[in-house]
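For the sequence shown, UniProt numbering begins at 1 and goes up steadily by one.
We put the CB at the ideal spot given by N, CA and C, even for glycine.
The structure appears right after this line, and notes come after that.
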Amino acid sequence: MSEEVLEKYMKAGEIACRVRKLAHAIVKPGMRVLELVERLESEILSLGGKPAFPINVSINEIAAHFTPPPHDTSVIPENSIVKIDIGVHIDGYIADTATTIVFDPRYERLAEAANAALEHAVKMLRPGVRFSEIGRVIEATIRSYGYKPILNLCGHSIDVYTIHAGEAIPNHYDLKNVGKLRNNRAYAIEPFATDGVGLVDETSVVTIYALRYNPKKLKGLSLESQTFFNRVFRERRTLPFTPRWYITEVTNIDNILRQLSLAGLLTEYPVLVERTRGVVAQFEHTVVVYRNSIYVTTSSC
Numbered sequence: 001m002s003e004e005v006l007e008k009y010m011k012a013g014e015i016a017c018r019v020r021k022l023a024h025a026i027v028k029p030g031m032r033v034l035e036l037v038e039r040l041e042s043e044i045l046s047l048g049g050k051p052a053f054p055i056n057v058s059i060n061e062i063a064a065h066f067t068p069p070p071h072d073t074s075v076i077p078e079n080s081i082v083k084i085d086i087g088v089h090i091d092g093y094i095a096d097t098a099t100t101i102v103f104d105p106r107y108e109r110l111a112e113a114a115n116a117a118l119e120h121a122v123k124m125l126r127p128g129v130r131f132s133e134i135g136r137v138i139e140a141t142i143r144s145y146g147y148k149p150i151l152n153l154c155g156h157s158i159d160v161y162t163i164h165a166g167e168a169i170p171n172h173y174d175l176k177n178v179g180k181l182r183n184n185r186a187y188a189i190e191p192f193a194t195d196g197v198g199l200v201d202e203t204s205v206v207t208i209y210a211l212r213y214n215p216k217k218l219k220g221l222s223l224e225s226q227t228f229f230n231r232v233f234r235e236r237r238t239l240p241f242t243p244r245w246y247i248t249e250v251t252n253i254d255n256i257l258r259q260l261s262l263a264g265l266l267t268e269y270p271v272l273v274e275r276t277r278g279v280v281a282q283f284e285h286t287v288v289v290y291r292n293s294i295y296v297t298t299s300s301c
């Protein structure tokens, strides 16, 4: 990793931090979710970044992967807990951050648990620390508040144009995970806390996708599908996208996505919900390990 790469990670993190602050300033009950994500994604662009993935707005028992579809009319409910997951990249170097905004006093302690877990985890980071030890701290912190970590959601390594780069940082103590924090790497630390059983399941709702690059499979598709694939790949490579970004220009997008999926050229990200419909809180920072130092790219702005 060079100084130039570190600067790009830091710039992406600064933008993500500023967008996170904007989210806290503008979100309120009754606000349309579509308006919220469009405001935040527009702010990313105005600050000189690009979305690393569509803004996620996950409410109450929804844990991850919801971004509104085109023409969505849903609103932020009264007495809710709202997770906002923000991704920014500069030339493919990614910042991934999340926050929880509470509109019901019953959920304040749950949010505190997830936030404290993130703070405690970040404080212990150093080159060589085991992922299992990070998970131990996250789990112990969340359980000390009387809640459970979500066992099948985790933090992750990050690489250029790659949000999930292969390494998992658990939110619980997992002796089988022998990974370690390494120099010249970026990671997302991402505690989830819940008053449910601590597991999430996939739903049938999908509004976020990513391309799988395979030129041989692409040749057998319609010209319309090939054109769309090439456009998205040129703009995003394999970073996630959502149909609402293209709906005004691509009239047959549902059929195109169906073709790409059947050809094995599309990864789908189903909305995830807590198994027992427990309420979920989430906080997240991106860290870069460079020359034996830890840089929390999304912490200040």
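(1) Within the same chain, show all residues whose beta-carbon is closer than 7 Å to that of T194, passing over the 5 residues directly before and after it, in chain order.
(2) Measure how close the beta-carbons of T97 and A168 come, nearest whole angstrom, since I'm counting them as under 8 Å.
(3) For V129, collect the residues of the same chain with a Cβ closer than 7 Å to its Cβ; drop the 5 residues on either side in sequence, then sort them by chain order.
(4) Please work out which residues of its chain come closer than 6 Å, Cβ to Cβ, to T242, disregarding the five sequence neighbours upstream and downstream, and give them in chain order.
(5) At the level of alpha carbons, what is the spacing between I94 and P77?
(6) With a floor of 4 residues, list each alpha helix (DSSP H) that falls wholly inside the stretch 220 to 281, ordered by position along the chain.
(7) Which same chain residues, not among the five before or five after F229, have their C-beta less than 7 Å away from its C-beta?
(8) Hey, would you say Y290 sits closer than 8 Å to N184, going by beta carbons?
(9) Do three or more CB pairs link the stretch 20 to 29 to the stretch 77 to 90 at distances below 8 Å?
(10) Ordered along the chain, which non-local residues of its own chain (more than five positions away) have a Cβ less than 6 Å from that of L34?
(11) Looking at the secondary structure, which residues open and close the beta strand (DSSP E) in which C301 lies?
(12) Could you check what DSSP says for E284 in three-state terms: helix, strand or coil?
(13) Between the C-alpha atoms of S293 and V287, what's the straight-line distance to the nearest angstrom?
(14) Less than 8 Å between the CB atoms is what I'm expecting for F283 and T141, so what's the real figure, rounded?
(15) Throw me the rounded Cβ distance for the L272 and V200 pair, which I believe falls under 8 Å.
(16) Who pairs with V82 in a beta bridge, going by DSSP?
(17) Use the C-beta contact count for Y213: other C-beta atoms within 10 angstroms, 16 or more gives buried, fewer gives exposed.
(18) Are the beta-carbon atoms belonging to N177 and L153 less than 8 Å from one another?
(19) Near G155, what residues of its chain come up, given a Cβ to Cβ distance below 6 Å and the 5 sequence neighbours on each side ignored?
(20) Residues in its own chain within less than 8 Å of P70 by CB, not counting five upstream and five downstream?
Straight from the coordinates:
(1) Y147, K148, I150, E274, G278, V279 and V280
(2) Wrong, their Cβ atoms sit about 18 Å apart, outside the cutoff.
(3) K180 and L181
(4) P54, T67, T207 and I208
(5) 31 Å
(6) 223 to 236 and 253 to 262
(7) L211, L218, L260 and L265
(8) yes
(9) yes
(10) P68 and D72
(11) C301 -> no beta strand (DSSP E), and no H or E assigned at all.
(12) strand
(13) 10 Å
(14) Not confirmed; about 11 Å, so no contact.
(15) 4 Å
(16) I59 and I101
(17) exposed
(18) no
(19) I169, A188, I189 and E190
(20) P243, R244 and I247
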